[in-house]
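According to this note's numbering, the sequence shown is numbered sequentially starting from 500.
Here is the structure we will look at, set down as structure tokens.
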Amino acid sequence: MAAFDDSYDQPDPRAYFRALGPLEYQAPHHGQGVFRRAVAARTRTARGAEPVTVLDICCSYGINAALLNHAVTLDDLYAHYTSPEATALTTAELIEWDRSYYAARRRPDPARVIGLDMAANAISYACEVGLLGQGFAENLETAPPSASLLRAARHARLITITGGATFLSPRTFQPILACAQDPVWVAAFVLRTTSYKSIAACLASNGLVTEEVTTHTFPQRRFTDADEQRYAVQAVTGAGGDPNGKEVDGYFHAMLHLSRPPEDATAFPLADLIPSP
């Protein structure tokens, strides 16, 4: 897979949107409707009046938080960050502009979002403009979580992932699930080139049942070149999937996995949480 390291950890997200726009990267768009419905369901089961806390893993610049809590679309954000107005600003000026931009579009029922990502600059930006209530630049695949992350994560009722599951293992999930004070839902968009079995097994050991959306897949982005497409087609075929009409047509595709306690899976059927494709 192509690496986008140069755009993932800049002082602001303009390079990120310039790089991914031509590839039609759309994973956060698919997450927007699912995550809003999941937050609404979690709100209905909350014991107090506090907003639901969401932990967004591999959160980058807080894109999922922006889409969850604000009256914006992913296309709006592409237009915003690639506009001539944004291009002309310094990072400090963009931060001030974005504070006003998001404040004017804040939904009346925002969730509290905390972010986890190894990209320190991206985390800092998302916190500065108010997209994240807290952010942690940590990599739980290589080191245990900090005490401050565990204190924040103990309040999480929903974990979201739209990118990065390829690079994750139970090492990231187990300490977070172990510290949570309430049962947690996990909503993860996972590329079809990647196995989710080890993570699903970890979630199962913590009492969560994983369901998979089988009615359709979710386009993630265009391939950067023929080599990347060849890799994806071979990986999907090797896993027993059919790449025709999906990877063969030029896009990575993801599957949505939703993990919850069994009683929540019964109370909130999966089909009710998935917007029509």
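The C-beta atom is built at its ideal place from N, Cα and C for all residues, glycine as well.
Does DSSP put Glu710 in a helix, a strand or coil?
strand
Can you name the start and end residues of the beta strand (DSSP E) that Gly634 belongs to?
633-635
Neighbourhood of Arg721 by C-beta, 7 angstroms cutoff - its chain only, sequence neighbours within 5 removed:
Excluding residues within five positions, the ones whose Cβ falls inside 7 angstroms are Leu522, Glu523, Gly749, Tyr750.
Evaluate the contact criterion for the region 707-717 versus the region 763-774: three or more CB pairs, one atom per stretch, below 8 angstroms.
yes
C-alpha distance - Ile556 paired with Val732, whole-angstrom precision
Cα-Cα distance, rounded: 27 angstroms.
So, with DSSP's three-state summary, where would you put Ser704?
Helix at Ser704.
Nearest candidate by alpha-carbon position, reference Thr590, set Ala618, Arg513, Tyr577, Phe672:
Closest option to Thr590, Cα to Cα, is Arg513.
How would you call Gly634, buried or exposed, if buried means at least 16 neighbouring beta carbons within 10 angstroms?
Burial check for Gly634: the Cβ neighbour count within 10 Å reaches 16 or more, so the residue is buried.
Name the DSSP beta bridge partners of Arg670, please?
Arg670 is not bridged to any residue.
Distance, Gly632 Cα to Val612 Cα
6 angstroms
Following the continuous beta strand (DSSP E) through Gly737, name the residue where it begins and the one where it ends.
Note, Gly737: premise wrong, no beta strand (DSSP E); alpha helix (DSSP H) at 725-737.
Label Ala570 either buried or exposed according to how many other C-beta atoms from any shown protein chain fall within 10 Å of its C-beta, with 16 as the threshold for buried.
With fewer than 16 neighbouring CB atoms inside 10 Å of its own CB, Ala570 falls in the exposed class.
Rounded to the nearest angstrom, what separates Cys558 and Ala625 at their Cα positions?
9 angstroms
According to DSSP, is Gly532 part of a helix, a strand, or is it coil?
Secondary structure at Gly532: helix, using DSSP grouped into helix, strand and coil.
If you drop the 5 nearest sequence neighbours on each side, which residues of the same chain put their C-beta closer than 8 angstroms to that of Glu618?
One detail in the question is off: residue 618 reads as Ala in this sequence, not Glu. Once the five neighbours on either side are set aside, the close Cβ partners of Ala618 are Tyr507, Asp508, Ser559, Ala636.
Can you give the Cα-Cα distance for Trp596 and Thr542, rounded to whole angstroms?
The alpha-carbon atoms of Trp596 and Thr542 are separated by roughly 31 angstroms.
What is the DSSP secondary structure of Thr552, reduced to helix, strand or coil?
strand
Have a look at Ala738 and Ser694 and give me their C-alpha separation to the nearest angstrom.
Ala738 and Ser694: Cα-Cα distance of roughly 8 angstroms.
Per DSSP, what kind of secondary structure is Ala753 in: helix, strand or coil?
Three-state DSSP puts Ala753 in a strand.
Which one of Glu727, Ser623, Leu772, Asp575 has the shortest CA to CA distance from Ile594?
Nearest of Glu727, Ser623, Leu772, Asp575 to Ile594, Cα basis: Ser623.
Considering only the beta carbon of each residue, do Pro718 and His752 sit closer than 8 angstroms?
Between Pro718 and His752, the gap from beta carbon to beta carbon is short of 8 angstroms.
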